[in-house]
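By the count of UniProt numbering, the sequence shown reaches residue 415 at its end, each step adding exactly one.
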Amino acid sequence: MINNEEKIIETLKRINKIIEDEGIRKKYWFDYPKLPVALYNDEKIFLVGYPGKPAGFEESDGILIGKKDERFYGNTAKDLEGQQVAIWDLTTISPTVSFERFLSLIFHEGFHGYQKSVGEKRWANDLQVLDYPFTPMNLAVRFLERRELLRATFADEKREFEERLSSFIAIREFRRKLIGDALNYELAQESVEGVAVYVETKAYSDFGSIPLKYAIAYQANGMSEFPASLSSFRLSCYAPGMCLAFLLDRFQAGWQKDYMESGEYIYDFLKKLSGLSFNNFSEDSVPSEVLENAGYILDKHRKYIDEEFRNFENSAGYRITLKGIFPLMGMDPMNILWKEDYIINKYFFATQFKGVPVFLKQKSMVKRIEKSFTFSEVVFYLPEKPVQNGDKVEIPGIGVFPARLEEDVRGFAVV
Numbered sequence: 001m002i003n004n005e006e007k008i009i010e011t012l013k014r015i016n017k018i019i020e021d022e023g024i025r026k027k028y029w030f031d032y033p034k035l036p037v038a039l040y041n042d043e044k045i046f047l048v049g050y051p052g053k054p055a056g057f058e059e060s061d062g063i064l065i066g067k068k069d070e071r072f073y074g075n076t077a078k079d080l081e082g083q084q085v086a087i088w089d090l091t092t093i094s095p096t097v098s099f100e101r102f103l104s105l106i107f108h109e110g111f112h113g114y115q116k117s118v119g120e121k122r123w124a125n126d127l128q129v130l131d132y133p134f135t136p137m138n139l140a141v142r143f144l145e146r147r148e149l150l151r152a153t154f155a156d157e158k159r160e161f162e163e164r165l166s167s168f169i170a171i172r173e174f175r176r177k178l179i180g181d182a183l184n185y186e187l188a189q190e191s192v193e194g195v196a197v198y199v200e201t202k203a204y205s206d207f208g209s210i211p212l213k214y215a216i217a218y219q220a221n222g223m224s225e226f227p228a229s230l231s232s233f234r235l236s237c238y239a240p241g242m243c244l245a246f247l248l249d250r251f252q253a254g255w256q257k258d259y260m261e262s263g264e265y266i267y268d269f270l271k272k273l274s275g276l277s278f279n280n281f282s283e284d285s286v287p288s289e290v291l292e293n294a295g296y297i298l299d300k301h302r303k304y305i306d307e308e309f310r311n312f313e314n315s316a317g318y319r320i321t322l323k324g325i326f327p328l329m330g331m332d333p334m335n336i337l338w339k340e341d342y343i344i345n346k347y348f349f350a351t352q353f354k355g356v357p358v359f360l361k362q363k364s365m366v367k368r369i370e371k372s373f374t375f376s377e378v379v380f381y382l383p384e385k386p387v388q389n390g391d392k393v394e395i396p397g398i399g400v401f402p403a404r405l406e407e408d409v410r411g412f413a414v415v
């Protein structure tokens, strides 16, 4: 779809023309605002709909074009000089994707810009997943819960719909007692990302002329079985949130405004609005086969994590460890692996070392300081050695730091 500059500009103009239409935006969310959109590749950023001209951009045929810099990473919503912008990395999408599907993804990221602009407070703490209780019982009950939610979503007859939803609530309330506040990680992802997928799905259905039920099923295709990998646990929370939003459409036409004002997680908001009663669920209701399958998935995941950490330590090149106290300035929560206090960032990690920004666009490993958003070590591999020049250390391709270089049998430490 997008393989050259001319096509990028053409696509961006098509997107902007649609997003400028207030009637379209409000069809998906009651006060979805008009937001700028930026598409970028490894060299340039193409921006449309921005009020004014941000630093480093020049106008060409109604499009602002700038050099790609460190401010643009991932597919998300970004604050650009005080203005939320929906951004998309064109290197991450298939060249054969349809315009309609791509447009729906832009609506998703634009919705995050809306959430940030109105001060949404329900964002998940993405590091909370490091302490999440991945146990056979929790995973087994979660599997049963997700199936009931899926059945409620596709139930046409009112009685079945209410029975399935009541069953889902009963199972989830049992799991809430089982894992306590750890459930908040899922509730938050559902409330923020899940609602963004709801907006995305409605746009995909409309512009792709696809039946809404099919579009919902397309997004929820992993909910009926155990996941192939627990590494995508964050992503697995999105579809349930989408389903909850579509269930709310069946209860109250104007729920969106009330939901935004409530501050409640979308599950709790639906539970209260539905007014449904539910029976107690117990461990005895979990089939032994489901519990065994959950144990198998968990064991498989642990072996995979062990292998990934071994592979990282056996990476080619020189092992370099930055030591100190490192604030979290950027990471891709969709692409992390964790084991005890260590996190492997598959593609990106941003921090600061000795007052100098550090942007690692490669695999790296960090050691977390207790349960904070700070780290004591940043480890990565490079084909070239770091060099001590006076009181500074130069790390090729990374930066120059006022530090001391130490070497041992494992590699180099910069302290």
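We put the CB at the ideal spot given by N, CA and C, even for glycine.
Just so it is clear, the structure is predicted and the values come from calculations on it, not from any experiment.
Quick check: what's the CA-CA separation for residue i versus residue j?
i	j	result
Glu59	Phe46	10 Å
Thr374	Ile8	38 Å
His112	Glu193	8 Å
Gly66	Lys34	21 Å
Ser94	Arg101	11 Å
Lys158	Glu313	56 Å
Ala140	Val85	39 Å
Ser360	Glu384	Residue 360 is actually Leu in this sequence, not Ser. The alpha-carbon atoms of Leu360 and Glu384 are separated by roughly 15 Å.
Phe246	Lys78	27 Å
Asn16	Leu105	13 Å
Tyr198	Arg234	16 Å
Asp21	Asp299	50 Å
Thr96	Ala220	22 Å
Glu225	Asn345	27 Å
Asp156	Tyr73	42 Å
Ser372	Leu103	37 Å
Tyr214	Tyr28	17 Å
Val195	Leu212	16 Å
Leu273	Gly110	27 Å
Lys26	Ile18	12 Å
Phe57	Val378	33 Å
Ile369	Gly62	47 Å
Phe143	Gly222	11 Å
Glu394	Val387	5 Å
Taking the beta carbon of residue i as the centre, do at least 16 other beta carbons fall within 10 Å, making it buried, or is it exposed?
i	result
Arg122	buried
Gly49	buried
Ser229	exposed
Val118	exposed
Pro54	buried
Thr11	buried
Lys363	buried
Pro51	exposed
Ile407	The sequence shown places Glu at residue 407, not Ile. Glu407 is exposed by the Cβ-count criterion.
Ala413	buried
Glu200	buried
Ala253	exposed
Ser277	exposed
Pro287	exposed
Pro396	exposed
Arg172	buried
Any idea which residues DSSP pairs residue i with across the strands?
i	result
Trp29	According to DSSP, Trp29 bridges with nothing at all.
Trp338	Ile343
residue 420	Because the chain spans 1 through 415 in this model, residue 420 falls outside it and cannot be assessed.
Ser60	Ile63
Val400	Glu394
Leu47	Ala38 and Leu64
Phe375	Phe326 and Arg368
Compare the C-alpha of residue i against each of the options and name the closest.
i	options	result
Tyr218	Ala124, Leu230 and Lys202	Lys202
Arg175	Glu200, Arg146 and Lys78	Arg146
Glu162	Leu248, Leu382, Ile106 and Leu39	Leu248
Gln83	Pro36, Lys68 and Lys44	Pro36
Glu5	Tyr40, Glu120, Asp131 and Asp126	Tyr40
Tyr185	Ala124, Trp255 and Glu307	Ala124
Asp69	Ile63, Ile216, Asn345 and Glu43	Glu43
Phe251	Ser232, Lys271 and Ala239	Lys271
Gly330	Lys26, Val366 and Leu130	Val366
Arg164	Ser236, Leu212, Ala196 and Leu244	Leu244
Pro357	Tyr132, Arg71, Gly56 and Ser277	Arg71
Tyr32	Ile169, Met223 and Phe107	Phe107
Glu190	Glu394, Met242 and Phe99	Met242
residue 417	Asp181, Asp268, Thr321 and Leu130	Not covered by the structure: residue 417. The range shown for the chain is 1 to 415.
Gln256	Arg410, Gln115, Val415 and Asp89	Gln115
Glu120	Gln388, Asn75 and Tyr265	Tyr265
Indicate whether at least one CB of chain C lies closer than 8 Å to the CB of residue i.
i	result
Val400	Of the chains in the structure shown, none is chain C; there is only one protein chain.
Does the stretch 279-286 touch the stretch 347-364, meaning 3 or more C-beta pairs lie closer than 8 Å? These segments do not touch.
Check whether the stretch 298-313 touches the stretch 205-216, taking contact to mean three or more Cβ pairs, one atom from each stretch, closer than 8 Å. With the cut-off at 8 Å, the stretch 298-313 and the stretch 205-216 do not touch.
At least three beta-carbon pairs within less than 8 Å, the stretch 134-153 to the stretch 287-294: The stretch 134-153, when compared against the stretch 287-294, does touch it at the 8 Å Cβ threshold.
Determine contact between the stretch 323-342 and the stretch 173-187, defined as no fewer than three beta-carbon pairs at a distance below 8 Å. No, because fewer than three Cβ pairs between the stretch 323-342 and the stretch 173-187 fall closer than 8 Å, the two stretches do not touch.
Three or more C-beta pairs closer than 8 Å, one from the stretch 395-413 and one from the stretch 330-348: is that the case here? Short answer: they don't touch.
Take every Cβ of the stretch 261-272, pair it with every Cβ of the stretch 146-155, and state whether three or more of those distances are shorter than 8 Å. The stretch 261-272 is not in contact with the stretch 146-155.
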